[in-house]
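Numbered as in numbering that gives the first Met the number 0, the sequence shown ends at 136 without a single skipped number.
Ideal Cβ placement from N, Cα and C applies to all residues, glycine included.
Working notes, structure below.
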Amino acid sequence: MRLTRLDDALVTPLAEMLRGIEPTFRPFDFTPEAIRMAVKEGDEHWVITTQRSGVVTYGMLRGWAEGYRVPALGVAVDDQQRRGGLATAMVLFLHYRARERGCTHVMLHVDDENAGAQSLYRAMGYRQEQDKWVCTL
0 MRLTRLDDAL VTPLAEMLRG IEPTFRPFDF TPEAIRMAVK EGDEHWVITT
50 QRSGVVTYGM LRGWAEGYRV PALGVAVDDQ QRRGGLATAM VLFLHYRARE
100 RGCTHVMLHV DDENAGAQSL YRAMGYRQEQ DKWVCTL
């Protein structure tokens, strides 16, 4: 497995992986064109890849490009790779990146029906505040 920044060569494999996951993670359309438009200079977009499966995990910190001080975190894991610790690893890495950039908090949105993600984020120190979840880094 390899953690790497999302680049143009990985956009199509990422789109394929995202189209195959459960429909609770939808920050943007999952076409290569929409992904390219969502990736803005100043934000962070990372993937975990394997030689056999291509992209298996996607993580993002976004909002900085639009001037927000607290970035929105998002993570998606290929359905075939769930429960293997990849989401936890990506969240920990994104927390590290956010702290490196001077952030003291990150936020995210979790679908009300995504009990697995809610459990993960609770275990990682997130607390629900109205329509978002917040973590102090």
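Distance check for residue j and residue i, CA to CA, integer angstroms please.
i	j	result
residue 113	residue 8	30 angstroms
residue 70	residue 99	13 angstroms
residue 138	residue 63	Since the first residue of the chain shown is 0 and the last is 136, residue 138 is not available in this structure.
residue 67	residue 51	37 angstroms
Quick check on residue i: buried or exposed, where buried means 16 or more other Cβ atoms within 10 Å of its Cβ?
i	result
residue 91	exposed
residue 89	buried
residue 61	buried
residue 14	buried
Is it the case that the Cβ atoms of residue i and residue j are separated by a distance below 8 angstroms?
i	j	result
residue 58	residue 74	yes
residue 54	residue 35	no
residue 109	residue 116	yes
residue 72	residue 107	yes
residue 136	residue 103	yes
residue 20	residue 111	no
Hey, quick one: how far does the beta strand (DSSP E) through residue i stretch, first residue to last?
i	result
residue 106	104-107
residue 59	53-61
Note the first and the last residue of the continuous alpha helix (DSSP H) segment covering residue i.
i	result
residue 99	85-99
residue 9	7-18
residue 138	Residue 138 cannot be examined here, being either before or after the span of the chain that is shown, 0 to 136.
residue 117	114-122
What I want to know is whether the C-beta of residue i ends up closer than 7 angstroms to one or more non-hydrogen atoms of the ligand FAD.
i	result
residue 10	Among the components modelled here there is no ligand, and therefore nothing to report on the ligand FAD.
Open item on the list: Would the region 4-24 count as touching the region 34-52 if we require 3 or more Cβ pairs under 8 angstroms?
Closed with: Touching, yes.
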